[in-house]
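Read through the structure below, which is laid out as structure tokens, and then see the notes.
Residue numbers (our numbering), protein chains in the order written: chain A, 176 to 1190; chain B, 7 to 269.
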């Protein structure tokens, strides 16, 4: 049928099928700013467009319904301000506000947010924060915590009203108005804070201006700076993200925004049963269906055992996976791969495949996995074990770590505390689903365009699986629409690649949201037993954790995720006095196979599970011994100069090496966090705990500490290269993968700092295995630290060549300038006497005029250390003691992540991370029935927080200068996942005395804990 | 899948299209349900041109056309300051919780009635007001009769509107994991000046249920507990739902008694 629409002011006549959704048609016609979130119920809103001025989900309506209507997409809003000789009006005010406010992380939902914001401002010139949050509420964002998008819309509305809006970066003001007052921007350190190695000090400069236009939503975090940071010009500034301008326009930057002729659509037939052998499979009818290009079963492709875990070689886990196997091991496991001309045809072909299963007994509950007689999930002869795993006992990995003697420690204790805790399986829920496109290029090399966090690992892992040498595979990573560890898995690329090999044609494979829940990866669920010995004065004498972790059907990340549970969470509290030198810690773990979807990497990587138990335990001990919960924690926590207790015992399955922790800003995190949270006024104040007129409501405040790690020492490497162009700009090529975190930007800031140029003079490209240097990829909180050091080295190499050339250019017969005297700043190389040559002059000279050379630099870095970031997390809740319903009112997080390279992107990481952790605390869990079938299959049942239900978020950075990094940085991306859930659990206890040891704290769990309290 | 799409200009044309059998034709409201239908093959009859999108106060009742969008009804209620405050507030709250703003922009009143599950906040609230569903041809069916036996009304081809009382006080409460999540338990209490009290529950099962319709509120909390005696599923135990249903109803009645009726 034909439809006529007015799209972005142009009348369009299109032929469509009655079944086509508006989303399908718009994307088919090139409107790539309209995104697909894989959802079936319209939950995510990434596909939002304006229809007759109303924001609607284009995935939830037929294109035919839009016939005769007016449609507006992001493509109608703003353009790049400079397009050669053609000048444009530039970005819209709202787009510019998104760019400046750091409101964009992965950028996948940004076009929808822009349209929502524009629609609101068009209707309401002076929106309240509540109205902004309501306008954004249909659009799920998994990255930002909504804080900065809300602020961006408020700022844009204020600018459009002609009001004064203070600049984010302290530059020229936007609009007319008074000079900004000092406020909530960068703050000086307190006067009494004595300096020391790596300690912050009071900066000499005036604090930056407040940038808020509404009091509740904060744009800039509070930062307590180090003296080293004050000397920087680019590092430490809220630079705009290097990819922001394209993302705010909805440019075709993502994997699926790519067109190629004759592309097939892939689908995977999945197992309806948890454990079975395929007795018989007949695909003949499916293959005969017109439009079907290939149907592959385990009989059609090589049987290559591998691991899907995107980790460095050798993968520290078992090899237990095949692209297709005769056995299925969970509901959702692969049975057959289909490629067809259209999605409809592929789905019809799936229905025509006849499969007979020989059902086997299944293990669904991890507690049953190692029982005698339990069904063996991995009995394949090709299985390659790693370490202590034992597939005959369904044991994917085993960890036994003893530090000191816990038996001796327990003997020396006055009290022993033992409790059990449980944490659920949860989903990364990135809004862009897993998606890949594969094709043969003109050299018969296989190109894999994938939304992956680990392009280089993907190439290495896939080569044997596909029967291709590494050199005949090219992996391209476009922008990623969020990953959070879910895309640290080489999980879908082989599907498309096998089908491209089979058909010779390009193939596109994209997960549905249901597949994300039933056939993807998730956080390992764990059952944890924790035993702690404590003296009367609150000194911890021994700490022992046993963890039963569920890796699901395959052992990807089994060892390393659970190892980190102990390595971080059990390392924080070493005890006081002599126990500081010889702590007594035991961490034992069994990581077992079950017939449920595999677990894997998820931001936090095992550490949030550990801190749920440890921090709930600390609270119970403090309460039962009548100790101040904060003093008790600080008394026993690690301090700077101490040995990381696990560094001599475990290192991700490799040889451990002792590591001293040089910087610990925990004490100041606690102090500043307490002030921000109003701890002294609330904790122990009975009047504050009541809600006037609502006797069924009780308020509570809770705290949790956290420490994490920064990269994997002696293992993971990042590389970078840099080359100078004619105009003095540089191409910065990095293998690191920015999955929305802003890593491309902070890497550019480091290079810019070294080269003395603005960030805008760097063209950052990441990542393509053909063109960019190797990088381990985005995981383990490593990019700023590892890849940043690599970029710094590359920039220093280029800077050296620049200085040498500049010295030559500035030297004459009567005066000689030495290269080491040259200062690089403001796009110039300046001699001590003030004479200078510009970067453009140097570039021109080097490329065209004399002693021609390509000024460039390369660098790589592998760290001998993994300096931990630290944090103090505070939470405020209101509990309905009759129903068990919990409202989280506020989260405050004070973080020591070393030097903050970019306060906007950094605080965005903390806000988004706290929001994910908030879901982990109260709503998110994946539940399976006795047959292994998933309860959650969409983002309606698996509820993640929306903009209009968020608590207030406050972020504080306590800078320390980490001496192992040239710019003093430590990690920050994962630590916000660690503390929120236990802080909320502790706040619930503070409110009403309910001990919730199984998270999330759902209303029924809290209600049952209240009943248990009363018994 | 959808094999044909029609957009009739009149009710009679729509009814003619809806009489089509091969494939069967079904009315299309906002498309939020049918746009993702894969099996069986159907033809859809889009109602957007039939003018069924009017909202009118008719004495003590509000009449809303079948294709009134949820957001349209919500915006009407925002402005309808003459309606009883409690009724307005409860309907607004339940509508805001029913679906995201984007979905409310297209989802229709009739479509929501036809497709709702037990966890629908809005239908739980609406059911308490004893609404009547108006069908093409003049037939009128109480929502309370329709919900438990929707398939029994398959012969009624086209809903044209919904009419419900506005001379009642209405309260709505729910328990969920987060403020905007689907309810695990929700309850609504409608009270008329005569003392008539209707109590409904949602958050469970295939549709919200009426648990009491009596001349006064006595026994409502007990009735609510009894109605959810076996309401256990993968989201909550029956024990929990039973206790909370009773508690929510009791709380609303106490609040109502304390604050007086706002009619």
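A virtual CB, placed ideally from N, CA and C, is assigned to each residue, including glycine.
According to DSSP, residue i sits in a beta bridge with which residue or residues?
i: residue 1129 of chain A; result: A/1067
i: residue 33 of chain B; result: B/51
i: residue 67 of chain B; result: B/64, B/171
i: residue 397 of chain A; result: A/1131
i: residue 141 of chain B; result: B/165
i: residue 2 of chain B; result: In the structure displayed, chain B extends from 7 to 269; residue 2 of chain B sits before or after that span and is not available.
i: residue 940 of chain A; result: A/908
i: residue 880 of chain A; result: A/1047
In the structure shown, what three-state DSSP assignment does residue i receive?
i: residue 1080 of chain A; result: helix
i: residue 786 of chain A; result: helix
i: residue 735 of chain A; result: helix
i: residue 919 of chain A; result: helix
i: residue 223 of chain A; result: strand
i: residue 214 of chain A; result: coil
i: residue 795 of chain A; result: helix
i: residue 121 of chain B; result: helix
i: residue 1073 of chain A; result: strand
i: residue 387 of chain A; result: Confidence in residue 387 of chain A is poor, its pLDDT being 40 and thus under 50, which makes the residue's placement too unreliable to answer from.
i: residue 748 of chain A; result: strand
i: residue 949 of chain A; result: coil
For residue i, go through chain B and note every residue whose CB falls closer than 8 Å to its CB, in chain order.
i: residue 1182 of chain A; result: 246, 249, 250
i: residue 1091 of chain A; result: Here the premise fails: no neighbours, minimum Cβ distance about 13 Å.
i: residue 657 of chain A; result: Ordered by position in chain B, no residue passes the 8 Å Cβ test against residue 657 of chain A, which lies about 19 Å from the chain.
Specify, as a first and last residue, the run of the beta strand (DSSP E) that residue i falls within.
i: residue 718 of chain A; result: 715-727
i: residue 1259 of chain A; result: Lying outside 176 to 1190, the shown extent of chain A, residue 1259 of chain A is not represented and no answer is given.
i: residue 148 of chain B; result: 146-148
i: residue 180 of chain A; result: 177-182
i: residue 595 of chain A; result: 590-598
i: residue 189 of chain A; result: 185-190
i: residue 192 of chain B; result: 191-197
Taking 8 Å as the CB-CB limit, is residue i close to chain C?
i: residue 1052 of chain A; result: The chain labelled as chain C is not found among the protein chains of the depicted structure, namely A and B.
Please compile the residues from chain B whose C-beta is within a distance smaller than 9 Å of the C-beta of residue i.
i: residue 232 of chain A; result: 38, 106, 108, 109, 111, 112
i: residue 1062 of chain A; result: 184, 185
i: residue 237 of chain A; result: 8, 11, 34, 37, 40, 41, 50, 52
i: residue 176 of chain A; result: 10, 11
Between which two residues does the alpha helix (DSSP H) holding residue i run?
i: residue 73 of chain B; result: No alpha helix (DSSP H) contains residue 73 of chain B, which DSSP labels as neither H nor E.
i: residue 236 of chain B; result: Element bounds for residue 236 of chain B: n/a, residue is neither H nor E.
i: residue 863 of chain A; result: 861-864
i: residue 906 of chain A; result: Not the alpha helix (DSSP H): residue 906 of chain A falls in the beta strand (DSSP E), residues 905-909.
i: residue 632 of chain A; result: 630-641
Interface residues of chain B around residue i at Cβ under 7 Å?
i: residue 1124 of chain A; result: 184, 185, 186
i: residue 1121 of chain A; result: 186
i: residue 193 of chain A; result: 8, 9, 10, 11
i: residue 229 of chain A; result: 111
Name the chain A residues that come within less than 8 Å of residue i, Cβ to Cβ?
i: residue 253 of chain B; result: 1057, 1058
i: residue 54 of chain B; result: 240
i: residue 98 of chain B; result: The contacting residues do not exist; residue 98 of chain B stays about 12 Å from chain A at best.
Would you mind telling me which residues of chain A sit closer than 7 Å to residue i, beta carbon to beta carbon, in chain order?
i: residue 42 of chain B; result: 215
i: residue 243 of chain B; result: 1179
Could you list which residues in chain A have their beta carbon closer than 9 Å to that of residue i, in chain order?
i: residue 51 of chain B; result: The contacting residues do not exist; residue 51 of chain B stays about 11 Å from chain A at best.
In chain order, each beta strand (DSSP E) run of at least 3 residues that lies wholly inside the segment 491-576 of chain A: Those beta strand (DSSP E) runs which fall completely within the segment 491-576 of chain A and span 3+ residues are 509-515, 529-534.
Enumerated in chain order, which unbroken segments of the alpha helix (DSSP H) with a length of 4 residues or greater are wholly contained in the segment 982-1041 of chain A? 1014-1019
Fully enclosed by the segment 255-319 of chain A, which alpha helix (DSSP H) runs are 4 residues long or longer? Runs of the alpha helix (DSSP H) inside the segment 255-319 of chain A: 268-276, 285-298, 304-311.
Quick one: which unbroken alpha helix (DSSP H) runs of 4-plus residues sit fully inside the segment 410-482 of chain A? Chain order, please. 419-423, 459-463
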